[in-house]
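Undergrad: Dropping a structure here in structure tokens format, bear with me for questions.
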Amino acid sequence: MKAAVFDSGIGGLTVVKSLLEHNLFDEIIYFGDTARVPYGIKDKNTIIRYSLEALEFFKNFDPDILIAACNSVSAYAIEELRANAPFPVVGVIEPGVLALKRRSIPKNSDILIIGTKATINSGKYQRLLKKEGFFNIDSKATGLFVPIVEEGIFEGELLDAALRHYFADTKPPKAVILGCTHFPLIADKIRDYFGSETILIHSGEAIVEHLEREFEVKKRDKQCSLKLFASESPQNLKKIAGLWL
Ligand code: DGL
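Structure (structure tokens):
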């Protein structure tokens, strides 16, 4: 089984990491739109246009499924991708919400969604969580974490200052949805900040559960082959993959 994984840049490698750990595919074709990243500060129409262009690239590989690893794409472009793709398309937002639902926490729990401006402004996580009965939902665009992670900063003063900048007035929630590809890389620091009681929802793990449940994708016997493509500096993507995967 062949999966296409789409992201705005390098961040989607956190989702690839989960897919590889669970060895769900024979082959993964990854495309990061590194020439036009970040998507998270762009508007809906631009994100849809870029996503449909990426879809044309993926069609050359005839994948069995397209996974939009990028939360900003999942927020705005899933319907358009589905309408134009000859294969199933899955984003990370619905799987994230379902993963939280399966934690069976009370519906009045405080839930915090963090992501890019596009993801938070789309209101998609908020809508789906409300549909599941959650009503104490807070959301914050925490875009500064993206360049911090891309700088390879996973701890230290700068990250601590950004955590305080965003969360000084936030009381520890029951759960935090890491609604951005980059945030799993600073998950430990986010958990340290809020305390060990706080549940973190990680898009990569959520999508693995979703694929196993909804698409009956099973662990493979042989190792998955990974092909990496980028719209700019593919060698940099490969270097980051070497560090992160
Ligand atoms: N991949 C994006 C996301 O998950 C983060 C980086 C960007 O803004 O493009 O929303």
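Note that the sequence shown covers residues 2 to 246 in the working numbering. Built from N, CA and C at the ideal position, the CB exists for glycine as well.
1. Quick check: does the Cβ of T182 come within less than 7 Å of any heavy atom belonging to the ligand DGL?
2. Give a yes or no on whether the C-beta atoms belonging to G33 and S9 are separated by under 8 Å.
3. Using only CA atoms, which one of I121, D111, A86, L14 lies nearest to D44?
4. Going by alpha carbons, who is nearest to L14 out of I191, A84, P185, S234?
5. Among F155, F26, L21, E206, which has the Cα closest to the Cα of P96?
6. Can you tell me whether N72 sits near the ligand DGL, meaning its C-beta is under 7 Å from at least one heavy atom of the ligand?
7. Suppose the cutoff is 7 Å on Cβ atoms and the five residues either side in sequence are ignored; what does the same chain contact list for I79 look like?
8. Check whether the stretch 124 to 144 and the stretch 217 to 224 are in contact - that is, three or more C-beta pairs closer than 8 Å.
9. Output needed for P87: all residues of its chain with C-beta closer than 8 Å, excluding positions within five of it in sequence on either side, in chain order.
10. Should Y31 be counted as a contact of the ligand DGL given a C-beta to heavy atom distance under 7 Å?
11. Is Y40 near the ligand MG, in the sense that its beta carbon is under 7 Å from a heavy atom of that ligand?
12. Can you list, in chain order, the residues of its chain with a C-beta nearer than 7 Å to that of Y77? Leave out the 5 residues immediately preceding and following it.
13. How far does the alpha helix (DSSP H) with S73 in it extend, from its first residue to its last?
14. Have a look at W245 and H203 and give me their C-alpha separation to the nearest angstrom.
15. Just to confirm the assignment, what range does the alpha helix (DSSP H) spanning V93 have?
TA: Let's see:
1. yes
2. yes
3. I121
4. P185
5. E206
6. yes
7. A69, V90, G92
8. no
9. K60
10. no
11. In terms of ligand content, the structure shown lacks the ligand MG and carries the ligand DGL instead.
12. K45, I48, I49, A119, S123
13. 72 to 77
14. 16 Å
15. First-last for V93: undefined, no H or E at that position.
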